[in-house]
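Structure first, then comments.
Encoded structure:
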């Protein structure tokens, strides 16, 4: 009977439909109840409406509490019918569920699924080795999820151990960018094969989500002006500096700070050896004195053994240590020593 029922269901709803196990279990319930009432005694508690549904549930799920049970041979045969129906239903249900999960996993791994994410960092383009470095730095930050969108040539998720979203296809098309959730992304990196492709992708990105200010990795920085015709907020970074690309994605505008520091006349970086008269001065004393007197900011200190980047203010600096600082003009060691002593006496 079950074989005939399943073949009929295949014709109407298909064996892969969620309706199949539901129809089977309903059929078994409404056919077994009158049969059980036929074989069991008239005063049997089992066939009462308040009890039969409970017995049917625990029997089909093969739990079998034993609080209700058939007493006649015919009732036992109906019980076997119910048990087999329950097993068939559960087998169909779990098989269908496993198929769905495997299909979904396959789509995620092959990059054909539509991702339901938001507030993520979207990487458009994959370059073996280089992309892993950028991904690891983004994931180490830990504040945002990451989605990688690659070309069709990357047929599987190249970094399945990173726990990121993956989409595959022509990343210069609306369809692929929508599947990658560009319309809900926090930031986007365009890391194309070449600068011409980067320009094409930037046009589509601006069309899908004009509110975003993409970060574009360029081989030739002179192409930055062409990209800003698309969106004046586009931020261009040298392709060969993945560390700077990551920083720009996480902290927008930081590359402009670097560029200003590297430009003569801007906030220039200088170094200065501390005079012997300042033996054991603290990093905080140097920071306060240079900041108040000369508008400078101390970035790092090199002692005889170590380079200390932004150490604690209580760090004692031995004589001969070198300060690295940002200022509008160079400050001589004597002026630094004088400023520190004046702060101490103030």
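Residue numbers (my numbering): -11 to 334.
All C-beta atoms, glycine included, are put in the ideal place defined by N, C-alpha and C.
Open item on the list: Measuring straight from C-alpha to C-alpha, what distance separates residue 238 and residue 135?
Closed with: Taking the chain shown and counting its residues from 1, one reaches residue 238 at position 250. Taking the chain shown and counting its residues from 1, one reaches residue 135 at position 147. Cα-Cα distance, rounded: 14 Å.
Open item on the list: Is the beta carbon of residue 297 closer than 8 Å to that of residue 288?
Closed with: Taking the chain shown and counting its residues from 1, one reaches residue 288 at position 300. Taking the chain shown and counting its residues from 1, one reaches residue 297 at position 309. Contact flag set, yes.
Task: Endpoints, the beta strand (DSSP E) within which residue 130 is located - done: As a position in the chain shown, residue 130 is number 142, starting the count at 1. Element bounds for residue 130: n/a, residue is neither H nor E.
Task: Buried or exposed (CB count within 10 angstroms, at least 16 for buried), residue 293 - done: For the purposes of this step, residue 293 is taken as the residue at position 305 of the chain shown. It is exposed - the Cβ of residue 293 has fewer than 16 other Cβ atoms within 10 Å.
Open item on the list: Counting C-beta neighbours from all protein chains within 10 Å, is the total for residue 210 16 or more, i.e. buried, or is it exposed?
Closed with: Residue mapping note: residue 210 aligns to position 222 of the chain shown, counting from 1. It is exposed - the Cβ of residue 210 has fewer than 16 other Cβ atoms within 10 Å.
- [ ] Give the straight-line distance between the Cα atoms of residue 1 and residue 79, rounded to the nearest whole angstrom.
- [x] Position 13 of the chain shown holds residue 1. Position 91 of the chain shown holds residue 79. With a pLDDT of only 43 at residue 1, under the threshold of 50, the placement of this residue in the model should not be trusted; the figure read from the coordinates follows. The alpha-carbon of residue 1 is positioned some 17 Å away from that of residue 79.
Open item on the list: Which residue marks the beginning of the beta strand (DSSP E) containing residue 226, and which one marks its end?
Closed with: Within the chain shown, the letter at position 238 stands for residue 226. Residue 226: member of the beta strand (DSSP E) spanning 223 to 226, first to last residue.
Open item on the list: To the nearest angstrom, how far is the alpha carbon of residue 233 from that of residue 191?
Closed with: Here residue 233 refers to the residue found at position 245 of the chain shown. Here residue 191 refers to the residue found at position 203 of the chain shown. The straight-line gap from Cα to Cα measures roughly 20 Å.
TODO: Return the bridge partner residues of residue 313 from the DSSP annotation.
DONE: Residue numbering aside, residue 313 sits at position 325 when the chain shown is read from its first letter. In the DSSP output, where bridge partners are listed per residue, residue 313 has 258 and 286.
Task: residue 279 in three-state terms, based on DSSP - done: For this step, residue 279 is matched to residue 291 along the chain shown. Judged by DSSP in its simplified three-state form, residue 279 adopts helix.
- [ ] Buried or exposed for residue 154, please, with buried defined as at least 16 other CB atoms from any protein chain shown within 10 angstroms of its CB.
- [x] As a working mapping, residue 154 is identified with position 166 in the chain shown. Residue 154 counts as buried, since no fewer than 16 other beta carbons sit within 10 angstroms of its beta carbon.
- [ ] Identify the continuous beta strand (DSSP E) that holds residue 156 and give its terminal residues.
- [x] Residue mapping note: residue 156 aligns to position 168 of the chain shown, counting from 1. For residue 156, the uninterrupted beta strand (DSSP E) segment begins and ends at 153 to 156.
Task: the region 314 to 332 touching the region 271 to 280, judged by at least three CB pairs closer than 8 Å - done: The region 314 to 332, when compared against the region 271 to 280, does touch it at the 8 Å Cβ threshold.
Task: Closest Cα partner of residue 182 within the set 216, 197, 143 and 226 - done: Looking up residue 182 in the chain shown gives position 194. Answer by Cα proximity: 226.
- [ ] Take residue 71 and list the residues in its own chain whose beta-carbon comes closer than 8 Å to its own, dropping the five residues that flank it on each side.
- [x] Within the chain shown, numbered from 1, the residue matching residue 71 stands at position 83. The residues 47, 48 and 50, in chain order, have a CB closer than 8 Å to that of residue 71 in the same chain once the five nearest residues on each side in sequence are set aside.
Task: Buried versus exposed call for residue 145 [16 or more other C-beta atoms within 10 Å across all chains shown] - done: Taking the chain shown and counting its residues from 1, one reaches residue 145 at position 157. Classification for residue 145: buried.
Task: Paired residues, beta bridge with residue 111 - DSSP - done: Counting from one through the chain shown, the residue named residue 111 turns up at place 123. Partner(s): 136 and 177.
Task: Range of the contiguous beta strand (DSSP E) that encloses residue 249 - done: What you label residue 249 is simply residue 261 of the chain shown in a count that begins at 1. No beta strand (DSSP E) holds residue 249; the alpha helix (DSSP H) holding it covers 242 to 249.
- [ ] Could you tell me whether the Cβ atoms of residue 268 and residue 304 are closer together than 8 Å?
- [x] Here residue 268 refers to the residue found at position 280 of the chain shown. Here residue 304 refers to the residue found at position 316 of the chain shown. The answer is yes: Cβ separation under 8 Å.
Open item on the list: Going by DSSP, what residue range makes up the beta strand (DSSP E) through residue 204?
Closed with: Your numbering for residue 204 matches position 216 in the chain shown. For residue 204, the enclosing beta strand (DSSP E) has its first and last residue at 203 to 206.
Open item on the list: Determine whether the beta carbon atoms of residue 167 and residue 102 lie at a separation below 8 Å.
Closed with: For this step, residue 167 is matched to residue 179 along the chain shown. For this step, residue 102 is matched to residue 114 along the chain shown. Taking 8 Å as the Cβ cut-off, residue 167 and residue 102 qualify as a contacting pair.
- [ ] Would you kindly report the start and end of the unbroken beta strand (DSSP E) that includes residue 215?
- [x] Along the chain shown, read from residue 1 onward, the residue named residue 215 stands at position 227. Careful: residue 215 lies outside any beta strand (DSSP E), inside the alpha helix (DSSP H) at 212 to 218.
Task: Three-state secondary structure assigned by DSSP to residue 159 - done: On the chain shown, residue 159 is found 171 positions in, with the first residue counted as 1. The DSSP-derived three-state label of residue 159 is coil.
TODO: Let me know the secondary structure DSSP gives residue 270 once reduced to three states.
DONE: On the chain shown, residue 270 is found 282 positions in, with the first residue counted as 1. In the structure shown, residue 270 sits in a strand (DSSP, three-state: E or B).
Task: CB of residue 121 within 8 Å of CB of residue 230, strictly - done: Here residue 121 is taken as the residue at index 133 of the chain shown, counted from 1. Here residue 230 is taken as the residue at index 242 of the chain shown, counted from 1. It is a contact, given that the beta carbons lie within the stated cut-off.
Task: Buried/exposed call for residue 108, threshold 16 Cβ in 10 Å - done: The residue you call residue 108 lines up with position 120 of the chain shown. In summary, residue 108 is buried, with 16 or more beta-carbon neighbours lying within 10 Å of its beta-carbon over all protein chains present.
Task: Burial state of residue 177, where buried means 16 or more other Cβ atoms lie within 10 Å - done: Along the chain shown, one-based indexing puts residue 177 at 189. Buried, since its Cβ has 16 or more Cβ neighbours within 10 Å.
Task: Buried or exposed by the 16-neighbour rule on C-beta atoms within 10 Å, applied to residue 77 - done: In the chain shown, counting from the first residue as 1, residue 77 sits at position 89. It is buried - the Cβ of residue 77 has at least 16 other Cβ atoms within 10 Å.
TODO: Alpha carbon to alpha carbon, how far is residue 126 from residue 242? Give it in angstroms, no decimals.
DONE: Your numbering for residue 242 matches position 254 in the chain shown. Your numbering for residue 126 matches position 138 in the chain shown. Taking the straight line joining both Cα atoms gives about 15 Å.
TODO: Classify residue 304 as helix, strand or coil using the three-state DSSP reduction.
DONE: Walking along the chain shown from the start, residue 304 turns up at place 316. Three-state result, residue 304: strand.
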